[in-house]
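Single-structure report; data block below.
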């Protein structure tokens, strides 16, 4: 059984959190073994003309590489990293923490927990103020 449909459901929750202005942070973590790539962080940024983009920071053992993408592009950038090397994607929102996990058989599940963050990301709050 493929985990991609469950990851697509998880991504739908990412989109909803942005639309609802509750998005705080997204992190890919828990690698398989000792890998060069340690984490990937996804944070919203406002570009010129108030265009929403996403900063994707790939943290390696010796460096960090940042790239900027639309929300749709971000899905295609991040999806290949699930199962190789990451087993977990954590979406932090002001309503709850949503965790996408792959088990040993690579079956995906989504778990919701109490929120870690009380406030949405600064960029999301700025968008709310500007009515974007």
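Residue numbers (our numbering): 625 to 756. The C-beta atom is built at its ideal place from N, Cα and C for all residues, glycine as well.
- Judged by DSSP in its simplified three-state form, residue 648 adopts strand.
- Secondary structure at residue 739: coil, using DSSP grouped into helix, strand and coil.
- The beta carbon of residue 657 lies closer than 8 Å to those of 709 in the same chain, with the five residues before and after it left out.
- Counting only runs of at least 3 residues, the stretch 633–719 fully encloses the following beta strand (DSSP E) elements, listed from N- to C-terminal order: 647–655, 661–670, 676–684, 688–693 and 710–717.
- Within a 10 Å sphere around the beta-carbon of residue 732 sit 16 or more other beta-carbons, which makes this residue buried.
- DSSP places residue 722 in the uninterrupted beta strand (DSSP E) bounded by 721–726.
- Across the structure, residue 682 and residue 719 are spaced so that their CA atoms are roughly 26 Å apart.
- Between residue 713 and residue 724, the beta carbon gap of about 4 Å places them in contact (Cβ cut-off 8 Å).
- Secondary structure at residue 734: strand, using DSSP grouped into helix, strand and coil.
- Shown here, residue 631 sits in a helix according to DSSP, grouped into three states.
- For residue 748, the secondary structure class from DSSP, reduced to helix, strand or coil, is helix.
- The shortest C-alpha to C-alpha distance from residue 647 to any of 635, 654, 653 and 655 is the one to 635.
- With contacts defined as CB atoms closer than 8 Å, residue 650 and residue 684 fail to qualify as a contacting pair.
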